[in-house]
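For the sequence shown, the positions run 5 to 392 when the numbering used here is used.
Every residue gets a Cβ at the ideal spot worked out from N, C-alpha and C, and that includes glycine.
To start, the structure itself, in structure tokens.
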Amino acid sequence: MTFKHIENSINNLRCQKFQVCLLIISLLWMLHTNGFLSDTLASETVSDDEISVLAVGDITISSRMTPLIEKNGAGVFFQGTTTLIQSADIATASLNASISERGEPRFGIEHPFRSAPGLGRALANAGFDAVSLATPHIMDFGFEALEDTITELEWYNVKPIGAGTDAKTAKRPAWVPIDVGKTESEQVALLAYYRMNAFSQYTEDPLAYAVYSEMTEAVRQAQTEAALVIVWLHWGSRGRSADEAIGRQRIFAHALIDAGADVVLCQQLHTFGGIELYQRKPIIYSLSDFIYDTYDKQHSRIVIPKATFKAGTLKSIELIPILTDPPKTSVRPSKPVEARPPRPSEIKNQFPRILTGAAAIETLQDYQRRCAELKTEVFIENERGWIR
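This is how it looks when you write it as structure tokens:
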């Protein structure tokens with residue numbers, strides 16, 4: 005064989021390799037454009053048996069914010085936390101105000117709360133899947149305002165829980181499908197209840213009130229079909245003794261977990277508590293105020309918990325430090341608050357945002373102490389807290 009023949013053979017081989025490479029590239033591109041490749045890669049990076057759950061505390065908005073909503077949209081409330089909220093498979097909140105332009109303040113309510121329309125859309129755009137309406141101020145403007153709230157939330161596919169057109173509807177769980185490549189049968193059930201104090205009289209309002217036997221039975225039924233069961237339990241105003249309040253909440257929370265709940269969110273007005281692990285299931289003793297526009301917040305530095313479950317078992321809880329706004333006075337000032345919208349200079353720093361640096365560490369250390377009181381260990385790594 006001459007040198008020329010050898011050279012031709014090498015060139016032919018190179019040409020064949022080049023053609024094979026082109027064929028492979030073409031096949032990969034075809035798979036990608038038809039969605040097959042993206043699905044394959046997704047299955048390698050997303051675990052089908054992991055579900056992340058994120059929760060924030062009370063969202064309490066008054067008519068003071070109506071000019072802001074009309075001018076900037078209610079999305080301004082979540083501009084500092086949207087990416088975080090959307091990172092969870094399930095995101096939920098406690099909505100402590102109706103969304104409506106109808107209704108009159110109920111007699112005897114000193115500070116009624118009602119948001120202008122648009123908040124439902126903002127909640128959806130921020131990434132919330134379901135919100136609890138079993139809250140102290142949801143009925144401040146009566147049934148018409150509640151009806152408008154439910155209508156707006158459902159229009160934007162945010163599931164209302166703990167309230168409905170009647171008491172029976174209010175007690176039904178909300179079912180949220182898991183959008184991580186699972187089948188339709190994989191859903192999370194959310195329930196919400198309102199526990200009024202001992203001196204309050206239960207009314208005919210279409211809310212799900214915290215009746216022990218009804219709650220535990222509802223959880224038992226939901227857990228037979230749900231991948232996870234999440235329960236909101238709002239305890240209304242703060243009691244005189246924090247230890248006494250947690251003691252009562254603990255009895256209910258333990259019973260709910262014994263019945264099959266995977267996460268219990270014990271919310272209470274203007275209260276910030278730690279996390280207890282009971283049977284490796286988290287009980288969160290109040291997430292304080294997430295958005296509260298009328299008065300300065302008592303707790304301006306809080307955390308947002310993001311729990312990850314693997315095949316129904318708690319894997320970890322990530323704790324993200326959040327700044328809401330700097331406190332200047334007590335929760336309720338002695339003088340009436342001027343009913344005006346925030347100035348443009350106030351908007352930037354008014355709403356929740358993720359803390360960094362020394363402030364993040366200090367916030368996590370404070371929460372570490374709160375959890376330690378409940379015998380839960382928190383590790384602090386890279387400006388995040390972790391419960392494992």
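| query | result |
| --- | --- |
| Measuring CA to CA, which of Arg118, Trp179 and Pro177 is closest to Asp152? | Arg118 |
| Which partner residues does His238 have in the DSSP bridge list? | Tyr198 and Gln271 |
| Go ahead and pull the three-state DSSP assignment for Val382. | coil |
| Of the residues Ile287, Asn129 and Ala193, which one's Cα is nearest the Cα of Ile391? | Ile287 |
| When the distance is taken between beta carbons, is Ser304 closer than 8 angstroms to Leu273? | no |
| With the cut-off set at 8 angstroms, would you say Leu359 and Leu327 are in Cβ contact? | yes |
| Per DSSP, what kind of secondary structure is Val50 in: helix, strand or coil? | Note that Val50 has pLDDT 41, beneath the 50 cutoff, so the model's placement of it is unreliable and no number is given. |
| Can you tell me whether DSSP reads Val162 as helix, strand or coil? | coil |
| Could you name the residues that DSSP lists as bridge partners for Gln83? | Gln83 pairs with nothing; no bridge assigned. |
| Of all the options Asp144, Gln372 and Tyr160, which has the alpha carbon lying nearest to the alpha carbon of Ala101? | Asp144 |
| Would you identify the three-state DSSP class for Arg125, choosing helix, strand or coil? | helix |
| From the DSSP output, read off the bridge partner residues of Pro181. | Gln191 |
| In terms of residue numbering, what span does the alpha helix (DSSP H) encompassing Glu366 cover? | Gly361 to Ala376 |
| Which class does Ile391 belong to by DSSP, given the choice of helix, strand or coil? | strand |
| Hey, Ala226 and Ala138: beta-carbon distance below 8 angstroms or not? | no |
| If you draw a straight line from the alpha carbon of Lys75 to that of Ile113, how long is it in whole angstroms? | 28 angstroms |
| By the three-class DSSP mapping on this structure, what secondary structure does Ala92 have? | coil |
| Look up Asp293 in the DSSP assignment and give the residues it is bridged to. | Asp62 |
| Could you say if the stretch 165–178 and the stretch 121–128 meet the contact criterion of at least three C-beta pairs nearer than 8 angstroms? | no |
| Which whole-angstrom value describes the C-beta separation of Phe294 and Gly84, a residue pair presumed to lie in contact below a C-beta threshold of 8 angstroms? | Not really, about 11 angstroms apart at Cβ, beyond 8 angstroms. |
| Between Ile321 and Lys310, is the Cβ-Cβ spacing less than 8 angstroms? | yes |
| Going by the beta-carbon positions, is the gap between Leu269 and Trp236 smaller than 8 angstroms? | yes |
| What are the boundary residues of the alpha helix (DSSP H) that Arg305 is part of? | No alpha helix (DSSP H) holds Arg305; the beta strand (DSSP E) holding it covers Arg305 to Lys314. |
| Taking its Cβ as the centre, do 16 or more other Cβ atoms sit within 10 Å of Ile255, making it buried, or is it exposed? | exposed |
| Per DSSP, Ile103 forms a beta bridge with which residues? | Ser119 |
| How many Å lie between Ile63 and Ile94 at the Cα? | 17 angstroms |
| Would you mind working out which of Gly146, Lys163, Ala120 and Leu150 sits nearest Ala470, comparing C-alpha positions? | Because the chain is modelled from 5 through 392, residue 470 falls outside the range shown and cannot be assessed. |
| Skipping 5 residues on each side, what residues in its chain have a beta carbon closer than 6 angstroms to that of Leu123? | Ala78 and Ile103 |
| Do you know offhand how far Glu381's Cα is from Phe81's? | 32 angstroms |
| Taking 8 angstroms as the cut-off, decide whether the C-beta atoms of Gly264 and Val233 are in contact. | yes |
| Using only alpha-carbon positions, find the residue among Arg176, Lys175 and Ser136 that is nearest to Leu157. | Ser136 |
| How many Å lie between Leu383 and Pro325 at the Cα? | Note on residue identity: the sequence assigns Phe, not Leu, to residue 383. Their backbone Cα atoms lie some 13 angstroms apart in a straight line. |
| Which class does Glu322 belong to by DSSP, given the choice of helix, strand or coil? | strand |
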